[in-house]
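One structure is given below, encoded as structure tokens.
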Amino acid sequence: MNLDLLTVYGWQGLTLAIWVALCIGSFLNVVIYRLPVMMERDWREQAEELLAQTDSDTTPETPSAPPDTSQPTFNLSVPRSRCGACGHQIRSWENIPVVSWLFLLGKCSACKSPISWRYPGVELLTAGLTLVVLSIYGFTWFGLATCLFTWTLVALTFIDYDTKLLPDQITLPLLWLGLFANGFFVGVVSLHDAVLGAIFGYLFLWATYWGFKLITGKEGMGYGDFKLLAALGAWLGWMTLPGIILISALTGLVYALVRLALRRQSTAESIPFGPFLAVAGWVTLVFRDSVLGLFLT
Ligand SMILES: [Zn+2]
């Protein structure tokens, strides 16, 4: 099913869709940057609580230190964004997706230090991928669900690239949403195939992880990777798993070889696998028949 977005929705509809997608991309930038910081603060707080508890267990006479409430609030909306170099608070006109970055020529309005091209890059990427998905599935319930799928993968890709983490806060809802979409919206596969996809996706990488660890004593990937492949299986069905694994392994290998050739990486350094799983999952959503065909011909 291929829709010509322009003829179906007109200029106004298409412009609106692009604008909304750019704004979503802008929100993804916030998630990519802030969620890992929020998680780290959370872990720190829990570790401190645990330490305070063990302290009070061993020396019951001394009252444990009061919980540290001095940390200022930090979540997706508070505090407002600031320039990393000078602390200048980003005003709303400086926060318009892509447009502001171009207008400011990629520099902070106060201190003129460069603003990474990745901010408009993520916004443009989000808008581009959204248009591709909408041109295939249209403004249907499943089309909207696949938009969510796409946006989530964009966030996971950059978070894993930056921090080598795939947060449960994102991978697990993605998994449930995949089962839900296939169960209720008449997605691309039956609920049965989706459930099997989630189970086999998780088990395949889990078994690979333990096999690798038993043989080499090293950890080849993280638990986040199992959950992400489980989520992709839930969205796309168990039969796409071999294709997803093949595409992610090949693209990961090419990436590693290119990095080695450019001498930007030592052989010992690990590469996060999540971005390649995400790319393979998205490619499989869009070119489903070709990916399935890899193994049927
Ligand atoms: Zn600045």
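For what it's worth, my numbering labels the leading residue of the sequence shown as 801, then goes sequentially.
We put the CB at the ideal spot given by N, CA and C, even for glycine.
Identity of the residues DSSP links to residue i by a beta bridge
{"i": "residue 914", "result": "907"}
{"i": "residue 889", "result": "882"}
Residue j beta carbon less than 8 angstroms from that of residue i
{"i": "residue 946", "j": "residue 814", "result": "no"}
{"i": "residue 1009", "j": "residue 1024", "result": "no"}
{"i": "residue 991", "j": "residue 1030", "result": "no"}
{"i": "residue 973", "j": "residue 835", "result": "no"}
{"i": "residue 927", "j": "residue 822", "result": "yes"}
{"i": "residue 948", "j": "residue 977", "result": "yes"}
{"i": "residue 878", "j": "residue 925", "result": "no"}
{"i": "residue 1036", "j": "residue 1074", "result": "no"}
{"i": "residue 1032", "j": "residue 1047", "result": "no"}
{"i": "residue 896", "j": "residue 880", "result": "no"}
{"i": "residue 988", "j": "residue 841", "result": "no"}
{"i": "residue 894", "j": "residue 905", "result": "no"}
{"i": "residue 1049", "j": "residue 1071", "result": "no"}
{"i": "residue 979", "j": "residue 1061", "result": "no"}
Unbroken alpha helix (DSSP H) run spanning residue i, endpoints
{"i": "residue 939", "result": "Looking at the DSSP string, residue 939 is not in any alpha helix (DSSP H), and its letter there is neither H nor E."}
{"i": "residue 1048", "result": "1041-1061"}
{"i": "residue 999", "result": "991-1016"}
{"i": "residue 971", "result": "968-984"}
{"i": "residue 874", "result": "Looking at the DSSP string, residue 874 is not in any alpha helix (DSSP H), and its letter there is neither H nor E."}
{"i": "residue 1083", "result": "1074-1086"}
{"i": "residue 804", "result": "Per DSSP, residue 804 belongs to no alpha helix (DSSP H) and is neither H nor E."}
{"i": "residue 964", "result": "Premise fails: residue 964 is in no alpha helix (DSSP H) and is neither H nor E."}
{"i": "residue 1024", "result": "1023-1036"}
Inter-residue CB distance, residue i and residue j (contact presumed, cutoff 8 angstroms)
{"i": "residue 838", "j": "residue 875", "result": "6 angstroms"}
{"i": "residue 1026", "j": "residue 1051", "result": "Rounded, the Cβ-Cβ distance is 19 angstroms, inconsistent with contact."}
{"i": "residue 941", "j": "residue 985", "result": "5 angstroms"}
{"i": "residue 886", "j": "residue 847", "result": "Residue 886 to residue 847, Cβ: 32 angstroms. No contact."}
{"i": "residue 900", "j": "residue 907", "result": "Contact doesn't hold; Cβ gap of about 11 angstroms is too wide."}
### Query
Are the region 951-958 and the region 823-837 touching by the rule of at least three beta carbon pairs closer than 8 angstroms?
yes
### Task
Specify whether the region 1077-1084 and the region 1033-1043 touch according to this definition: at least 3 beta carbon pairs, one from each stretch, less than 8 angstroms apart.
yes
#### Entry: At least 3 beta-carbon pairs within less than 8 angstroms: the region 932-940 vs the region 993-1007
no
### Task
Determine contact between the region 911-925 and the region 961-968, defined as no fewer than three beta-carbon pairs at a distance below 8 angstroms.
no
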